[in-house]
Each structure stands twice: as structure tokens, then as C-alpha cells.
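Before any comments, here is the structure.
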Amino acid sequence: MNRDEQLNSRRWKISYTYRCTCNPQCYWTMLPGRHAGGSGTFLNDGEEALGAEAAAAIVADQYGHVDIADIGMWQEGDEERDARLALNRRQEADERQGVHWAMGGAN
51 MNRDEQLNSR RWKISYTYRC TCNPQCYWTM LPGRHAGGSG TFLNDGEEAL
101 GAEAAAAIVA DQYGHVDIAD IGMWQEGDEE RDARLALNRR QEADERQGVH
151 WAMGGAN
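51 is the number of the first residue of the sequence shown in the working numbering; add one for each residue after it.
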């Protein structure tokens with residue numbers, strides 16, 4: 051699958067919680083002592099075919115997360131995909147104009 055096909059497809063995402071290894075432990079976590087995976091991490095190499103637990107183990111290993119639980123895996127909906135594509139188009143337009151995230155607040 052080329053870059054355009056991958057960008058335009060409804061991509062797979064995974065989320066999970068993992069043990070907080072911060073010292074001292076974070077006070078703001080929703081589950082005491084655990085961090086949440088947020089809105090999900092994209093699966094880029096066909097990990098969805100392995101199933102949720104195996105895919106989560108691969109992603110957690112990449113980020114150094116330990117003691118994972120509450121695993122969820124889903125495919126983007128049309129609206130979520132369209133929002134991601136719109137953001138990508140805005141970022142590319144900004145970069146063409148010389149505006150990018152590394153500007154440090156400069157206009």
C-alpha cells in the first residue's frame with residue numbers, strides 16, 4: 051500500500067492503560083497508578099491481524115510501557131479519517147508557506 055492509499059484508508063488504532071513508572075507517581079491519572087493510551091495509537095504494519103492483545107504488546111514494547119490492560123482496538127470511522135486527512139492537508143499547506151511546529155511561536 052502506497053502513502054496515499056494508507057492516508058486515505060480507514061486506519062486501525064489501539065489503546066490501553068499501563069502502569070505509571072513515574073517517580074513520584076502522577077497525581078493526574080484517571081486510574082490511580084496507571085496511564086491511559088489516550089485516543090489511540092495507529093497500527094502501521096498490519097498488527098491488527100494479530101489481534102488486540104498481540105498488537106498491544108508490540109506497541110507497548112516500542113514505547114517501553116509495562117503491565118498493559120484495558121486493551122481496545124478499532125478501525126477509524128469515516129469522520130475520524132476525514133478529520134485526520136484535513137489536519138494533514140493543513141499541515142502540508144503550512145509547511146509549504148514556511149510555517150511548521152519547530153517555529154517556537156514565531157509568526
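Glycine included, C-beta positions come from ideal geometry on N, C-alpha and C.
Excluding the 5 residues flanking residue i on each side, which residues of the same chain have their C-beta closer than 6 Å to its C-beta?
i   : result
G87 : S65, Y66
Take residue i and list the residues in its own chain whose beta-carbon comes closer than 8 Å to its own, dropping the five residues that flank it on each side.
i    : result
C76  : C70, H85
Y68  : R84, H85, G87, A110, H115, V116, D117, I118, A119
A102 : I64, I121, G122, M123
Could you name the residues that DSSP lists as bridge partners for residue i?
i    : result
H85  : Y68
A119 : T67
Taking 7 Å as the limit between beta carbons, can you name the residues of its chain near residue i, skipping five residues before and five after?
i    : result
N138 : L57
State the DSSP-derived secondary structure class of residue i, mapped to helix, strand or coil.
i    : result
M125 : Reading the sequence as shown, one finds Gln at residue 125 and not Met. Strand, per DSSP.
Are the Cβ atoms of residue i and residue j separated by less than 8 Å?
i    : j    : result
W62  : L93  : yes
A105 : E98  : yes
R60  : E129 : no
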